[in-house]
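J.: Add 184 to the 1-based position in the sequence shown for my numbering, that's all there is to it.
Each residue gets a CB set at the ideal place from its N, CA and C atoms; glycine is no exception.
The structure presented is a predicted model; accordingly, all values stated were derived computationally and were not measured.
One structure is given below, represented as structure tokens, and several questions about it will come after.
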Amino acid sequence: MRILIAGASSALGHATASALLDAGHDVIAVGSSADRLGLVDATGRFECDLTDLAAVEQLAAEVGELDGLLHLVGGWRGGGGLAGQSDDDWAWLEARVVGTLRNTTRAFAEAIGRSDAGVIAIISSTGVEKPTAGNANYVALKAAAEAWLAAVGHALRATPARTVVHRVKALVSDAERAAQPDREFAGFTDVTELAATLAAEFAAPAPGSANGG
Ligand SMILES: NC(=O)c1ccc[n+]([C@@H]2O[C@H](COP(=O)([O-])OP(=O)(O)OC[C@H]3O[C@@H](n4cnc5c(N)ncnc54)[C@H](OP(=O)(O)O)[C@@H]3O)[C@@H](O)[C@H]2O)c1
Numbered sequence: 185m186r187i188l189i190a191g192a193s194s195a196l197g198h199a200t201a202s203a204l205l206d207a208g209h210d211v212i213a214v215g216s217s218a219d220r221l222g223l224v225d226a227t228g229r230f231e232c233d234l235t236d237l238a239a240v241e242q243l244a245a246e247v248g249e250l251d252g253l254l255h256l257v258g259g260w261r262g263g264g265g266l267a268g269q270s271d272d273d274w275a276w277l278e279a280r281v282v283g284t285l286r287n288t289t290r291a292f293a294e295a296i297g298r299s300d301a302g303v304i305a306i307i308s309s310t311g312v313e314k315p316t317a318g319n320a321n322y323v324a325l326k327a328a329a330e331a332w333l334a335a336v337g338h339a340l341r342a343t344p345a346r347t348v349v350h351r352v353k354a355l356v357s358d359a360e361r362a363a364q365p366d367r368e369f370a371g372f373t374d375v376t377e378l379a380a381t382l383a384a385e386f387a388a389p390a391p392g393s394a395n396g397g
């Protein structure tokens, strides 16, 4: 299958690209820095600012047919209770957490709807289940991203395509473990394990994850 990773140059992006390639898929890696993308194992690499809808539409025209979109663009800002939830942080988070998801799904959903087994997946946060004041901007926008993806599922309801949300508390990579050998990273999800879970979405649909009406 042909799968695009939006935000492919993070540790999770690297691990996911490798897992998909190992499973025999074509991987299109997208990020805002060609230098960082150059380090990602992929079938194709596209530098694109995913906050820019016109740029994403141009990307979609170049990419063509697609079976999967894995949206991994992240980022975190927060702290300091409600008083610390600044407008600047909200705007920064909104552009990345929601804006890049809105742009990529609007540009790629139609192609994914034409696939026999399309998948659009995002990584959300367990914080949406128990919002805190210091994390208010972030969790509100993660909840918005989940709602947007549900609406994408509605748009694709007449197709075989599925939308998938995986919630994690925090991610950890081997490099982070090596840098802090005494830290436990309790409750963290290993990027290699999450990458395997994401790759498995293209092998066997999870029960109950088909789009509702
Ligand atoms: N890290 C955690 O602990 C954690 C916790 C809960 C949920 N999550 C979620 O898990 C997913 C992955 O998280 P992460 O920490 O690996 O994310 P990340 O480190 O923030 O990585 C973001 C990726 O998106 C790319 N990117 C950022 N802005 C972009 C833009 N404007 N256009 C194109 N690409 C852009 C970055 O690469 P370039 O800068 O090279 O473009 C990078 O590859 C995210 O959805 C995140 O919200 C993460």
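Does Thr200 pass the burial test, meaning 16 or more other C-beta atoms within 10 Å, or should it be called exposed?
T.: buried
J.: Bridge partners for Thr347 per DSSP, in chain order?
T.: Ile304
J.: Cα-Cα, which of Thr343, Leu378, His255 is closest to Val356?
T.: Leu378
J.: Could you tell me whether the Cβ atoms of Glu249 and Ala305 are closer together than 8 Å?
T.: no
J.: By DSSP, does Ala355 sit in helix, in strand, or in coil?
T.: The amino acid at residue 355 is misidentified as Ala; the sequence shows Leu. In this structure, DSSP gives Leu355 an extended state, which the three-state scheme calls strand.
J.: Can you tell me the Cα-Cα spacing of Arg280 and Pro365, whole angstroms?
T.: 31 Å
J.: Hey, Ser202 and Leu223: beta-carbon distance below 8 Å or not?
T.: no
J.: If you check the beta carbons only, do Val348 and Ala327 fall under 8 Å apart?
T.: In this structure, Ala327 does not lie closer than 8 Å to Val348 by Cβ.
J.: Any idea what DSSP makes of Glu231, helix, strand or coil?
T.: strand
J.: Got a sec? Which residues, its chain only, sit under 6 Å from Ser270 by beta carbon, not counting five neighbours each side?
T.: Answer for Ser270: no residue qualifies.
J.: So does the segment 294-310 actually touch the segment 251-270, counting three or more Cβ pairs closer than 8 Å?
T.: yes
J.: Sort out for me which residues DSSP pairs Arg186 with in a bridge.
T.: Asp210
J.: For Ser202, which three-state DSSP category applies?
T.: helix
J.: Hey, out of Val352, Gly264, Asp236, whose CA is closest to Gly215's CA?
T.: Asp236
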